[in-house]
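This report refers to the structure that appears directly beneath it.
Protein chains: 2
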Amino acid sequence: MPVEAKVDISARPASPPLTERQEARRRRILHASAQLASRGGFDAVQMREVAESSQVALGTLYRYFPSKVHLLVATMQDQLEHMHGTLRKKPPAGETASERVAETLMRAFRALQREPHLADAMVRALTFADRSVSPEVDQVSRQTTAIILDAMGLTDPTPAQLSAVRVIEHTWHSALITWLSGRASIAQVKIDIETVCRLIDLTEPDEKK
Amino acid sequence: MPVEAKVDISARPASPPLTERQEARRRRILHASAQLASRGGFDAVQMREVAESSQVALGTLYRYFPSKVHLLVATMQDQLEHMHGTLRKKPPAGETASERVAETLMRAFRALQREPHLADAMVRALTFADRSVSPEVDQVSRQTTAIILDAMGLTDPTPAQLSAVRVIEHTWHSALITWLSGRASIAQVKIDIETVCRLIDLTEPDEKK
DNA sequence: ATCAAGTCTGAAACTTGTTCTAGATTAGCG
DNA sequence: CGCTAATCTAGAACAAGTTTCAGACTTGAT
């Protein structure tokens with residue numbers, strides 16, 4: 001039994017370029033997804049509703065995004081691009097790299113606080129994603145890494161710095177989850193971010209090596 | 001409309017003590033859960049199957065564990081207790097606190113590698129859990145904190161040390177997820193753990209303050 | 001031992017993610 | 001234009017988590 005090649009059209013450098021109407025459909029779907037998510041979070045994004053809101057048949061929705069998690073992760077990619085653009089315009093002002101990274105992440109955090117339900121939907125999808133969504137989740141991860149490296153002001157990071165960035169991302173995701181599930185306060189998240197950002201300082205004094 | 005008080009019997013210091021048969025039921029359920037999880041991970045733990053395997057009616061299963069996520073988080077609590085016991089017997093041998101913590105987490109990681117599907121089920125449940133599972137997730141978190149503090153050999157940690165531990169836990173959870181979803185290798189997880197554990201060293205030299 | 005309250009069972013029903021199907025539409029091409 | 005393959009639609013069907021309910025069984029107190 002051949003496993004029907006089920007291609008995720010939303011994969012970034014998509015194989016066949018989308019027609020105009022298809023691009024429009026994709027936009028409508030992502031918009032509906034974000035809208036519903038903004039209301040009630042992960043649970044409120046119901047595939048039938050997304051389909052209806054975006055004027056698309058359920059089957060079509062599934063052709064564009066092979067699962068709810070795919071859809072929400074794509075929604076996150078979308079939002080992340082916005083965010084990266086916004087952040088680029090006003091770079092963080094901190095003295096040290098770790099300050100700038102912490103400032104950047106806190107800025108992103110405040111943006112998420114404005115739409116906590118949307119944040120819930122996206123982050124839950126991200127961490128719940130299984131292997132079938134790996135490419136998309138990886139893309140989100142790369143984007144996040146790029147944002148952090150931007151804040152550090154680095155063009156070619158050392159391995160030690162990349163490790164620090166990885167750990168910062170881990171902390172960022174996990175801290176968001178504890179906040180979203182009400183187990184950590186905003187202040188606590190701030191502390192966690194600031195704490196992990198000190199790791200960057202450990203990678204700075206590399207002249208002694 | 002009164003929100004029917006739906007008490008999770010599995011909550012640790014349970015309100016009414018369970019009878020023997022109830023305790024036995026609870027054990028059977030957790031055992032079946034772990035067994036099914038060991039096979040196919042999160043998806044393989046199907047409530048109907050758990051009920052059947054543990055010789056309990058579906059409704060009863062839901063009385064003991066109000067959702068699949070509750071069940072899996074309870075399963076994790078159970079496993080964590082084992083683990084803590086095991087770890088206590090052979091304390092880590094490292095010189096510094098950060099080495100001992102890294103060693104302890106790597107030991108736990110190797111245990112998880114032996115049952116990757118079970119790990120998948122438990123960790124996915126943990127990060128997917130919403131507010132209704134907060135108490136149970138918190139309990140898991142406290143247990144994890146205890147394990148790490150044990151490894152550090154601390155009785156009363158400073159706030160800075162607690163922050164470091166929080167970040168280590170964040171990294172631990174998130175690194176596990178990237179490993180489970182195939183986006184990070186075992187080696188990568190090792191590096192991440194070792195990297196974050198250096199944070200502990202930053203809290204050591206407190207005599208100069 | 002007996003009664004009331006609480007618990008367990010088996011089965012059906014409901015919800016929402018996902019798949020499938022048959023027929024209409026659209027896109028690209030000669 | 002007219003054809004063919006791909007895409008889209010509406011709607012049914014299926015799967016698994018969750019809820020509900022009537023009746024049988026236990027438990028604890030009298």
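First to last, the sequence lines map onto chains A and B.
First residue of the first sequence: 1, per this note's numbering; consecutive thereafter.
First residue of the second sequence: 1, per this note's numbering; consecutive thereafter.
No residue lacks a Cβ here, since even glycine has one placed at the ideal position from N, Cα and C.
Taking the Cα positions, Trp-172 (chain B) is about 44 Å away from Glu-20 (chain A). Closest option to Ser-141 (chain A), judged by alpha-carbon separation, among A:Thr-127, A:Ser-132, A:Pro-91, A:Met-152: A:Thr-127. Three or more beta-carbon pairs separated by less than 8 Å are not found between the region 104 to 122 of chain A and the region 148 to 162 of chain B, which leaves the two stretches without contact. Rounded to whole angstroms, the gap between the alpha carbons of Leu-176 (chain B) and Gly-85 (chain B) is 21 Å.
Judged by DSSP secondary structure, Arg-183 (chain A) falls outside any alpha helix (DSSP H); it is assigned neither H nor E.
DSSP places Lys-89 (chain B) inside the alpha helix (DSSP H), whose first and last residues are 68 to 89.
By a beta-carbon distance limit of 8 Å, Ile-193 (chain B) does not contact Leu-118 (chain B). Their separation comes to about 20 Å. Rounded to whole angstroms, the gap between the alpha carbons of Arg-28 (chain B) and Met-76 (chain B) is 15 Å.
With 16 or more other Cβ atoms from the protein chains shown falling within 10 Å of its own Cβ, Leu-71 (chain A) counts as buried. In this structure, DSSP gives Gln-55 (chain B) a state outside helix and strand, which the three-state scheme calls coil. Under the 8 Å Cβ criterion, the region 95 to 105 of chain B does not count as touching the region 36 to 55 of chain B, having fewer than three qualifying pairs. The three-state secondary structure of Thr-178 (chain A), taken from DSSP, is helix. DSSP, read as helix, strand or coil, puts Pro-116 (chain A) in helix. For the 9 Å CB-CB criterion, Thr-158 (chain B) and Thr-203 (chain B) form a contact.
Close to chain B, meaning a Cβ-Cβ distance shorter than 7 Å, are the following residues of the region 174 to 203 of chain A: Ser-174, Ala-175, Ile-177, Ser-181, Gly-182, Arg-183, Ile-191, Asp-192, Thr-195, Val-196, Arg-198, Leu-199, Leu-202. Judged by DSSP secondary structure, Thr-144 (chain B) falls within the alpha helix (DSSP H) whose first and last residues are 134 to 152. Looking at A:Val-165, A:Leu-162, A:Glu-52, A:Glu-169, the one whose alpha-carbon comes closest to that of Ser-33 (chain A) is A:Glu-52. Boundaries of the alpha helix (DSSP H) harbouring Gln-22 (chain A): 20 to 40, taken from the DSSP string. Contact annotation: Val-165 (chain A) and Val-196 (chain B) have beta-carbon atoms that are not nearer than 9 Å.
Residues of the region 89 to 115 of chain B whose Cβ lies closer than 7 Å to any Cβ of chain A: none. Per the coordinates, the alpha-carbon of Thr-178 (chain B) lies some 32 Å from the alpha-carbon of Ala-93 (chain A). In chain A, no part has a C-beta under 9 Å from the C-beta of Phe-65 (chain B); the shortest such distance is about 18 Å. Against chain A, the CB of Asp-130 (chain B) has a partner CB under 9 Å away; the residue lies at that interface. From the listed residues A:Asp-120, A:Asp-78, A:Val-56, A:Tyr-64, the smallest Cα separation to Gly-41 (chain A) is found for A:Asp-120. For Val-167 (chain A), the secondary structure class from DSSP, reduced to helix, strand or coil, is helix.
For Gly-182 (chain B), the closest C-alpha among the options A:Glu-136, A:Thr-145, A:Leu-36, A:Lys-89 is that of A:Glu-136.
Of all residues in the region 142 to 168 of chain B, only Ser-163, Ala-164, Arg-166, Val-167 place a beta-carbon less than 7 Å from a beta-carbon of chain A. Taking a Cβ-Cβ cut-off of 7 Å, the neighbours of Thr-171 (chain B) in chain A comprise Val-167, His-170, Thr-171, given in sequence order. Cβ-Cβ distances below 7 Å link Ala-74 (chain A) to Ser-10, Leu-30, Phe-65, Glu-136 in the same chain, with the five nearest sequence neighbours on each side left out; the list follows chain order. Look at Val-137 (chain A): its C-beta is under 9 Å from a C-beta on chain B. What Ser-134 (chain B) touches in chain A, judged by beta-carbon distance under 8 Å, is Ser-181, Gly-182, Arg-183, going in chain order. With fewer than 16 other beta carbons inside 10 angstroms of its own, Ile-186 (chain A) counts as exposed. Residue burial annotation: Arg-131 (chain A) is exposed, with fewer than 16 other C-beta atoms found within 10 angstroms of its C-beta.
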